[in-house]
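Taking it in order: structure first as structure tokens, then the write-up.
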Amino acid sequence: MTFSIHGLAVARGIAIGKAVLVASSRVDVAHYFIKPDQIDEELHRITQARAAVMTEVQRLHQSVPKDAPPELPALLEVHMMLLQDEMLADGVKHWVTDRLYNAEWALTSQLEVVARQFDDMEDAYLRERKGDLEQVVERLLRHMKGLPTSLPQPAERKPSSSWHQDHLLDDNHEVPLVLIAHDLSPADMLQFKQSVFTGFVTDVGGKTSHTAIVARSLDIPAVVGARNASQLVRQDDWVIIDGDAGVIIVGPSPIILAEYAFKQRQAELERERLARLRHTPAVTLDGQAIHLLANIELPEDTRIAMDMGAVGVGLFRSEFLFMGREGQLPGEEEQYQAYRRAVEGMHGLPVTIRTVDVGADKPLDRTAKDEAHLNPALGLRAIRWSLADPVMFLSQLRAILRAAAHGKVNLLIPMLGNAKEIHQTFQLLSQARQQLDKKSVAYGPLRIGAMIEVPAAALSLPLFLKHFDFLSVGTNDLIQYTLAIDRADEQVAHLYDPLHPAILHLLADTIAQGAAAGKEVALCGEMAGDPGLTRLLLGLGLRYFSMHPTQILRVKQEVLRADTLRLATWARHVMAAEDPAAEILKR
Ligand code: PEP
Ligand code: MG
């Protein structure tokens, strides 16, 4: 049966492949492919875990006090029964032997299969046994991880999953695979660079959630906010991901498959055509030079930035060096090496390194999500987090200063909102320089920029223009905070509107005031990489666009066809309209 699921389009293109479901496990689980000669070893790990957990449950069963409610021993008996269950054991064996999944992945995959069978049961008592099965699998996973097998309290539980890139470089698979998950953290998503997957779907997330941003940087079709896709799609279902329309087609008929295979080929041809623009300077018809810069997450991304003809890095999201490390933050030396690699990777072109921006939908660790922050997007995030930990911040500043000895480096500060934060930042920067001087460590000059991403900053531009060499507008957050829309929440994704007149006014004003002060204003939010908005942004006077490297050529194509003088008049008209989006469509 063919059916479709609708979500939010985040990364363009068509992917066709077999579904690999990432079950949401309560234990942080590694997923990787093993080599055929590791099958026995992997099966042995499972057998061992089963035996150990069985002993543990039997011990618990024997030690149940006489006066305990009868449900307790009965529950443990169910657990013992499930541990010996053939369907679980056979299924797990199948995933390991036939699919070469590692033991943990095999367990969670089979859990998903059996749990669905429980869901379909008529008998309510049997249906409820699904919870027991989940607990048994959790005990096994905890044992394999060397964690205590007693289960955490319900309040501590949260779904999570982790992926390990090294192991995903699998050469056993010729069938294209697409990944379907309930949720993936930005750090998990990052692990997929160069992985075997040709497309992604997640149940949750908004278009500019950080998970979506990383998915876009992978340049493979992706849909987020697909609500219950991970429930509706089954392991191995054939799936088409239409990343342009935000649609997932499950079990497509041969006619539909042929149609999408055709679209895939068209997209490939379009890509080849665009590749010819790589070395063409981005100059408008009326001779305006436009700077097309790259947003990167890791130093290695400079390769694709150079390949796409970026004239520099406009945003290096340094927080990706800090994430998924179980709280072990990178020290000064490690950061210095990473920034230096990025600087050297750009061969003399400027690199804008943003200081760490964790918090909100970018937790340091998956478990950090569990901490009960009432409203993380408004909490200790970005520069607030850095200023709250000066020792950590100083080590990052020293690392960036040192990297500046190797090429052109700009320092960019996220989420600033007031004069006090600006002064504290500059104070720490001079302290970082003094610390390096004292040790006679070499460092280079920095241009210093502020992100304009909270309305308070956009409405006090003279303050920012007085202190900073350049500004960079982070529209992802500026929209979130101005329109009061959580960018990671798919339920309000329809209200997330880059063309809201309030946003256009803040943007136009920032560009105009920057120009009047003779200071560069860049845009590094997702708007910069949307070719449908390039003309409007040019008309508003924007000259520095920073985006995913994969978007650069599409935006360049728009730049080459644009006449900024004519667009300026049109942009004023769009800004005055009640419905700017409708005006853009008319053009
Ligand atoms: C933004 O907010 O627009 C931005 C570029 O920063 P981030 O998406 O990392 O919050
Ligand atoms: Mg931001």
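Under our numbering, residue 628 is the last one in the sequence shown; the count climbs by one each step, no gaps.
Where a beta carbon is used, it is the ideal one built from N, C-alpha and C, also for glycine.
For residue i, count the other beta carbons within 10 Å of its own beta carbon; 16 or more makes it buried, fewer makes it exposed. Which is it?
i: Glu179; result: buried
i: Gln521; result: buried
i: His120; result: buried
i: Ala549; result: buried
i: Ser202; result: Low local confidence applies: a pLDDT of 38 at Ser202 is under 50, so the model's placement there is unreliable, and no value is given.
i: Val61; result: buried
i: Ile55; result: buried
i: Ser150; result: buried
i: Lys199; result: A caution first: Lys199 carries a pLDDT of 33, below 50, which makes its placement in the model too unreliable to give a value.
i: His614; result: exposed
i: Asp402; result: buried
i: Ile289; result: buried
i: Pro621; result: buried
i: His184; result: buried
i: Lys507; result: exposed
i: Gln376; result: buried
i: Met230; result: buried
i: Pro486; result: exposed
i: Phe303; result: exposed
i: Ser471; result: exposed
i: His546; result: exposed
i: Asn451; result: buried
i: Thr88; result: exposed
i: Met128; result: exposed
i: Arg366; result: exposed
i: Glu338; result: buried
i: Pro111; result: exposed
Can you name the start and end residues of the beta strand (DSSP E) that residue i belongs to?
i: His332; result: 332-337
i: Gly640; result: One cannot answer for residue 640 here, as it falls past the ends of the chain, which runs 42 to 628.
i: Ser45; result: 44-47
i: Lys597; result: First-last for Lys597: 593-601, but that is the alpha helix (DSSP H), not the beta strand (DSSP E).
i: Ala569; result: Run containing Ala569: none; DSSP gives neither H nor E here.
i: Ala56; result: 55-63
i: Met588; result: 585-588
i: Thr393; result: 392-395
i: Ile290; result: 288-291
i: Val450; result: 450-454
Quick check: does the Cβ of residue i come within less than 6 Å of any heavy atom belonging to ligand 2?
i: Glu494; result: yes
i: Asp518; result: yes
i: Gly515; result: yes
Determine the extent of the alpha helix (DSSP H) in which residue i is found, giving its start and end residues.
i: Phe303; result: 295-316
i: Val432; result: 431-444
i: Leu469; result: 460-479
i: Tyr380; result: 373-386
i: Asn517; result: 516-524
i: Met492; result: It is not in any alpha helix (DSSP H) - Met492 instead sits in the beta strand (DSSP E) that spans 487-493.
i: Met347; result: 343-348
i: Ser427; result: 424-428
i: Leu626; result: 621-627
i: Phe357; result: Premise fails: Phe357 lies in the beta strand (DSSP E), 354-358, not in any alpha helix (DSSP H).
i: Asp81; result: 80-103
i: Lys507; result: 502-508
Can residue i be considered in contact with ligand 1, in the sense that its beta carbon sits closer than 6 Å to one or more heavy atoms?
i: Gly566; result: yes
Please determine whether the Cβ atom of residue i lies at a distance below 6 Å from any heavy atom of ligand 4.
i: Ala286; result: As presented, the structure is devoid of ligand 4, carrying ligand 1 and ligand 2 as its sole ligands.
Contact the segment 438-458 vs the segment 481-494: 3+ CB pairs below 8 Å: Judged by Cβ distances under 8 Å, the segment 438-458 makes contact with the segment 481-494, as three or more pairs qualify.
contact_flag[the segment 556-566, the segment 581-591] where n(CB pairs < 8 Å) is 3 or more: Remark: three or more beta-carbon pairs, one from each stretch, lie closer than 8 Å, so the segment 556-566 and the segment 581-591 are flagged as touching.
Uninterrupted beta strand (DSSP E) stretches inside the segment 220-282 (no shorter than 3 residues): Qualifying beta strand (DSSP E) stretches, in chain order: 238-243, 263-265.
4-residue-minimum alpha helix (DSSP H) runs that sit fully inside the segment 134-164, ordered along the chain: Counting only runs of 4 or more, we get 144-160.
Validate contact between the segment 510-520 and the segment 528-539 using beta carbons, cut 8 Å, 3 pairs: Because the criterion of three Cβ pairs below 8 Å is met, the segment 510-520 and the segment 528-539 touch.
Segment contact flag, the segment 355-372 with the segment 328-347, C-beta cutoff 8 Å, min 3 pairs: The segment 355-372, when compared against the segment 328-347, does touch it at the 8 Å Cβ threshold.
Validate contact between the segment 237-254 and the segment 279-287 using beta carbons, cut 8 Å, 3 pairs: Contact between the segment 237-254 and the segment 279-287 is present: three or more C-beta pairs spanning the two stretches fall below 8 Å.
At least 3 beta-carbon pairs within less than 8 Å: the segment 76-87 vs the segment 303-316: These segments do not touch.
Meets three-Cβ-pair contact criterion under 8 Å: the segment 374-385 and the segment 413-427: In this structure the segment 374-385 does not lie against the segment 413-427, because fewer than three pairs of beta carbons, one per stretch, are closer than 8 Å.
The segment 483-499 in contact with the segment 507-515 per 3-pair CB rule at 8 Å: Touching, per the Cβ criterion.
Three-pair Cβ contact test at 8 Å for the segment 329-338 versus the segment 594-603: At 8 Å Cβ cutoff, the stretches touch.
Given 8 Å, three or more beta-carbon pairs between the segment 493-503 and the segment 452-466: With three or more CB-CB distances shorter than 8 Å, the segment 493-503 counts as touching the segment 452-466.
Three-pair Cβ contact test at 8 Å for the segment 256-263 versus the segment 85-101: No contact exists between the segment 256-263 and the segment 85-101.
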